[in-house]
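Here is the structure we will look at, set down as structure tokens.
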Amino acid sequence: VALAALARVGALRPAAERPCAMIVDVVLMSNHVSCIVNSTIASLIRLHSPRPRTVHVVVPDALVGACTAQLGAVARCHAEHALVGLSKDEVVSILIAKGERWLQKARSVRKRALWFYQQVVKLTLPLSLRSLSRHFLVWDADQLLARPYASCIDGHVRIDYVSTVDKHTARNTHYESTTRALLGYVSPPPRNWVTHKMYVVQAHARRMLERLCGAAHDASACAAEILRRIPTNADPHLGLSEYDLYAAYMLREAQALVLPQAVRLFRTEPLHKRPAAEICGELNAGLDGFLQRLGGQAAAAAADMIVVESF
């Protein structure tokens, strides 16, 4: 009986003895289905260690068919509202209910509603996509790996920060008020921990969600609760970062597990996003050449990742 009790306790404890997993799924979230998403997947399959077991792509409901047709050979496609069932109007209502400051910027809030929605979809993946591996990687769909990348180093889970700081990569203090309101602390300054990805350890992510959502074990209810808890003094345009929030939590609550690492990002057109369809239109006859050119530029910048600025 004592041995059985110990076994049950061990099953509930985060697996500190095996912090790194050899089976890792990847989740991408995208507003479009394009050559850029396909290239991102290809770079992860080729350069990420361990090689992803399954790549999941979350898209707007209307794009699931196109996603399956174009990416079905390399990924599983999911409708975003099948994961978190909040409408744009519901997200807007939650946000403008924060008070006069948000109500005055209702037009901007409506434009940014999808952005806020996608943050909470990614945060609540442990509750919505039950088939995910014990550890999984959330990765921006427009960020290509430029060189081999391992999510674990010497038995530690890496938490990356931006190594080169300029006006495009400096720490964004807009996130701090929400991170502090939700967790009681912020990610360690002055570093920028938003590197367009996060390696999620489910045992810790679920504990973080318990803190954020309380007893809300349904992804939609949890997502709504996170949005409600964004403080009134947060920026209505940039009031939440899933990446900053998760990094802050892991760096405080799982210090022995994580290893901070610097990464260099190369942006094709800093702070100037272009339509993905327009970029792909230029690449009809030369995707490989385009990526090789970017790869050469990224190599010159000693970049680890290439962010193709698109929407």
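Numbering of the sequence shown is given in the numbering used here, commencing with residue 24 and proceeding in unit increments. Backbone N, C-alpha and C fix where the C-beta goes; we use that ideal spot for every residue, glycine too.
Residue 177 has its alpha-carbon roughly 27 Å from the corresponding atom of residue 164. Excluding its 5 nearest sequence neighbours in each direction, residue 227 has C-beta neighbours in its own chain below 8 Å: 37, 272, 273, 276, 277 and 280, listed in chain order. DSSP places residue 209 outside any alpha helix (DSSP H), giving it a letter other than H or E.
The continuous beta strand (DSSP E) containing residue 79 extends over residues 78-82. Cβ neighbours of residue 84 within its own chain (closer than 8 Å, five residues either side excluded): 102, 103, 104 and 105.
Secondary structure of residue 328 (DSSP, three-state): strand. By the neighbour-count definition (other C-beta atoms within 10 Å, threshold 16), residue 154 is an exposed residue. Per DSSP, reduced to three states, the secondary structure at residue 243 is helical.
The alpha-carbon of residue 292 is positioned some 43 Å away from that of residue 238.
Shown here for residue 135: same chain residues with a beta carbon closer than 8 Å to its own, the five before and five after excluded, namely 259 and 260 in chain order. With respect to residue 168, residue 66 sits close: the two C-beta atoms are nearer than 8 Å. 8 Å or more divides the Cβ of residue 327 from the Cβ of residue 222. Proximity to residue 324 across 186, 234 and 211 peaks at 186, based on C-alpha coordinates.
In the structure shown, the three-state DSSP call for residue 163 is strand. Between residue 246 and residue 109 a beta carbon distance of about 6 Å is seen, short of the 8 Å cut, so the two are scored as contacting.
Taking C-alpha positions only, residue 107 is separated from residue 263 by approximately 17 Å.
For residue 329, the closest alpha carbon among the candidates 162, 56 and 124 is that of 162. Sorting 243, 298 and 218 by C-alpha distance to the C-alpha of residue 195 places 218 at the top.
Within the segment 247-301, the beta strand (DSSP E) runs of at least 3 residues that lie entirely inside it are, in chain order, 281-286 and 288-290. Exclusion of the five residues before and after residue 284 leaves 181 and 183 as the residues of its chain whose Cβ lies within less than 6 Å of its Cβ. Pairing residue 99 with residue 71 gives a Cβ-Cβ distance that is not under 8 Å. Apart from sequence neighbours up to five positions away, the residues of its chain that approach residue 77 with a beta-carbon distance below 7 Å are 48 and 99, ordered along the chain. Taking the C-beta atoms as reference points, residue 243 is found no nearer than 8 Å to residue 296. In terms of CA proximity to residue 300, 331 leads the group 331, 290, 288 and 234. When C-alpha distances from residue 94 are compared across 266, 170 and 63, the shortest belongs to 63.
Taking 8 Å as the cut-off, the Cβ atoms of residue 52 and residue 145 count as close.
Annotation: residue 56 to residue 148 spans about 20 Å, alpha carbon to alpha carbon.
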